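Undergrad:
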Amino acid sequence: MMKNEVYAGWIKKFGERHIGLFKPIVTEELFKRVQYVINRRKHRGFEYQWENPDFPLRRFVHHPSGQRLTGSWSKGRSKKYAYYRYSSLHCEISKTQLEDGYKLFLECFEFDEKHYSKFKTQVKENLLKKSEEKINEAKRLTAYIEERKSKQGVILQKNIEGLISNEVLRQQSVLIEKQISDTQLALQEIPNSQADLKDAIEFASEYLRHPSQVWEKAPYSIQWQLQWFQFPQGIFFDGQKIGTMELCDLFKAKQTFLPEKSPGVHFKTSTSNRNLKKSYVITNRVARSDKSELTPPSDPIYWHKVENELIKLSNIMKELKYGPQKEVVTYDNLPLFFPRLFRSSKRK
Numbered sequence: 028m029m030k031n032e033v034y035a036g037w038i039k040k041f042g043e044r045h046i047g048l049f050k051p052i053v054t055e056e057l058f059k060r061v062q063y064v065i066n067r068r069k070h071r072g073f074e075y076q077w078e079n080p081d082f083p084l085r086r087f088v089h090h091p092s093g094q095r096l097t098g099s100w101s102k103g104r105s106k107k108y109a110y111y112r113y114s115s116l117h118c119e120i121s122k123t124q125l126e127d128g129y130k131l132f133l134e135c136f137e138f139d140e141k142h143y144s145k146f147k148t149q150v151k152e153n154l155l156k157k158s159e160e161k162i163n164e165a166k167r168l169t170a171y172i173e174e175r176k177s178k179q180g181v182i183l184q185k186n187i188e189g190l191i192s193n194e195v196l197r198q199q200s201v202l203i204e205k206q207i208s209d210t211q212l213a214l215q216e217i218p219n220s221q222a223d224l225k226d227a228i229e230f231a232s233e234y235l236r237h238p239s240q241v242w243e244k245a246p247y248s249i250q251w252q253l254q255w256f257q258f259p260q261g262i263f264f265d266g267q268k269i270g271t272m273e274l275c276d277l278f279k280a281k282q283t284f285l286p287e288k289s290p291g292v293h294f295k296t297s298t299s300n301r302n303l304k305k306s307y308v309i310t311n312r313v314a315r316s317d318k319s320e321l322t323p324p325s326d327p328i329y330w331h332k333v334e335n336e337l338i339k340l341s342n343i344m345k346e347l348k349y350g351p352q353k354e355v356v357t358y359d360n361l362p363l364f365f366p367r368l369f370r371s372s373k374r375k
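Every letter in the sequence shown is one number past the one before it in our numbering, and letter 317, counting from 1, is 344.
Structure below.
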């Protein structure tokens, strides 16, 4: 009973997990606390935390040699201190220093009001106008589906009145069903509507203009999503500078409005009063990087990627504002076999 999620209001069947419509016996918070106690009894020894909210940059930052950054707490004379480390390279940096450096790195990519205004203009020219065409096409397809359904009713009525045979009714019904099915598939392939795109721009604007502030205040799960969203291959830190090999297309848009200088954060070595081989201190120096692979802003493929990333970023920001959305299970969206299971259990 203490391990069964049903008592906390969840249904888990056939690899899927959904919240039930019934009232749970215990709250989800209490259920998680019980699981924590049970699991702690099983593993009384040391257990490594792969996801540690104290160190959001762990496993996201790597050395050019490929080693991933780790993090842990060190005990001092009067309190504990948080450090990020490359264990095999015998170097470390304090949590505060590296995270301040990462925030400084994020600030290099933020859109000021001038750049954000230009970006919205570019989005309007490259996405919103085309989105209007897609909306009109969606309306046309929807009207065609309704017309076909109306046609179904007409031929059925003719069959009832004896004007057409059952065979003709069958042939016509099969043809119309195929037309409706093909049109519905075409309708599903049309990307998000203009309203969705405008909504995405509004939700994404906060991170585009203030990425370091949003990241700093966000909970660990959101920090982790934002990091990998903006830097799909993570970032490197070689002990002297922070950089990245790949930047999401959304933030490449800003670089089309900027001079040749592009962002990077440089570190310099300093002495340390701890018995370590290396330690590093952050400076505000800006480095240069190659822009040769940037896609021109007029490229439709590039702007299609920007559209998808805008929607993805807006979903992350919605989760930050409203929390993760739970899917409510109803009889309408349950698989076909679920009602049978419920009915058979009632008979028993």
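Glycine residues also receive a C-beta, built at the ideal position from the N, C-alpha and C atoms. These figures come from a predicted structure and were not determined experimentally.
(1) Can you tell which of Ile343, Lys332, Phe263 has the C-alpha that lies nearest to the C-alpha of Glu229?
(2) With 7 Å set as the bound, which would you pick, yes or no: does the beta-carbon of Ser115 sit closer than that to a beta-carbon of chain B?
(3) Would you mind reading off the limits of the beta strand (DSSP E) that contains Ile38?
(4) Helix, strand or coil for Arg60 per DSSP?
(5) Pull up the distance between the alpha-carbon of Leu11 and that of Leu154, whole angstroms please.
(6) Please name the residue, chosen from Glu137, Glu174, Ser114, that lies closest to Ala280 on a Cα-to-Cα basis.
(7) State buried or exposed for Ser319, treating a residue as buried only when at least 16 other CB atoms are found within 10 Å of its CB.
(8) Just to confirm the assignment: which complete beta strand (DSSP E) runs, minimum length 3, are found wholly within the segment 73-140?
(9) Taking Cβ to Cβ, would you say Phe278 is nearer than 7 Å to Gly270?
(10) Who are the near neighbours of Glu243 in its chain, counting only those whose CB is closer than 7 Å to its CB and skipping five residues on each side?
(11) Since Leu274 contacts Phe258 with CB under 8 Å, what's their CB separation in whole angstroms?
(12) On the CB-based measure, 16 or more other CB atoms within 10 Å of its CB, does Asp276 come out buried or exposed?
(13) Report the three-state DSSP secondary structure of Lys18 (helix, strand or coil).
(14) In or out: Arg85 buried (at least 16 other Cβ within 10 Å) or exposed?
(15) Where Asp226 and Asn335 are concerned, what is the direct C-alpha to C-alpha distance, given to the nearest angstrom?
(16) Shortest alpha-carbon distance to Leu116 belongs to which of Glu78, Ser92, Lys161?
(17) Decide if Val201 is buried, meaning its Cβ has at least 16 other Cβ atoms within 10 Å, or exposed.
(18) Pull up the distance between the alpha-carbon of Asn302 and that of Ala109, whole angstroms please.
(19) Could you give the DSSP three-state label for His237: helix, strand or coil?
(20) Report yes or no: do the segment 170-179 and the segment 203-215 share at least 3 C-beta pairs separated by less than 8 Å?
(21) Take Thr357 and list the residues in its own chain whose beta-carbon comes closer than 8 Å to its own, dropping the five residues that flank it on each side.
(22) In angstroms with no decimal places, state the Cα-to-Cα distance between His142 and Ser232.
(23) On the three-state DSSP scale, how would you describe Phe263?
(24) Per DSSP, what are the beta-bridge partners of Arg175 in this structure?
(25) How long is the line joining the alpha carbons of Val241 and Thr54, rounded to whole angstroms?
(26) On the criterion of 16 or more Cβ atoms from any shown chain inside 10 Å, does Ile249 qualify as buried, or is it exposed?
(27) Ile203 and Gln179 - do their beta-carbons sit closer together than 7 Å?
(28) Look at Tyr113 and Gly98 and say whether their C-beta atoms are less than 7 Å apart.
(29) With a threshold of 16 other CB atoms inside 10 Å of the CB of Gln94, please say whether the residue is buried or exposed.
(30) Consult DSSP for Ile249 and reduce its assignment to one of helix, strand or coil.
(31) Check Gly180 in the structure and name its three-state DSSP category.
(32) From what residue to what residue does the beta strand (DSSP E) around Lys268 run?
(33) Would you report the Cα separation of Arg60 and Asp81, rounded to the nearest angstrom?
(34) Can you check which of these residues, Leu168, Leu196, Gly266, Leu96, is closest to Glu78 by C-alpha distance?
(35) Work out the CA separation of Ile182 and Val195 for me, nearest whole Å.
(36) Can you list, in chain order, the residues of its chain whose CB lies under 8 Å from that of Arg44, leaving out five sequence neighbours each side?
TA: In terms of the structure at hand:
(1) Ile343
(2) No chain B appears in this structure, which consists of one protein chain only.
(3) 37-40
(4) helix
(5) Since the first and last residues shown for the chain are 28 and 375, residue 11 lies out of range.
(6) Glu137
(7) Any answer about Ser319 is weak, because its pLDDT of 39 lies below 50 and its placement is not dependable; what the coordinates show is given next. By the 10 Å Cβ count, Ser319 comes out exposed.
(8) 97-102, 107-113, 118-121
(9) no
(10) Cβ neighbours of Glu243 beyond the five flanking positions: Lys130.
(11) 7 Å
(12) buried
(13) Because the chain spans 28 through 375 in this model, residue 18 falls outside it and cannot be assessed.
(14) buried
(15) Pairing Asp226 with Asn335, the inter-Cα distance amounts to about 13 Å.
(16) Ser92
(17) exposed
(18) Residue confidence is low: Asn302 scores 34 on pLDDT, short of 50, so the model does not pin down where it sits. Its coordinate-derived value is still stated next. Looking at the two C-alpha atoms, the distance is approximately 16 Å.
(19) Three-state result, His237: coil.
(20) yes
(21) Residue placement at Thr357 cannot be trusted, given a pLDDT of 49 that sits under 50; the coordinates are not used to answer.
(22) 12 Å
(23) strand
(24) Bridge partners of Arg175: none, in fact.
(25) Each residue's Cα considered, the two are about 30 Å apart.
(26) buried
(27) Taking 7 Å as the Cβ cut-off, Gln179 and Ile203 qualify as a contacting pair.
(28) no
(29) exposed
(30) helix
(31) In this structure, Gly180 counts as helix in the three-state DSSP scheme.
(32) 268-270
(33) 20 Å
(34) Nearest option by C-alpha distance: Leu96.
(35) Cα to Cα, the separation comes out at about 9 Å.
(36) If we look at Arg44 and ignore the five residues flanking it on each side, its Cβ neighbours are Glu32, Trp37, Ile38.
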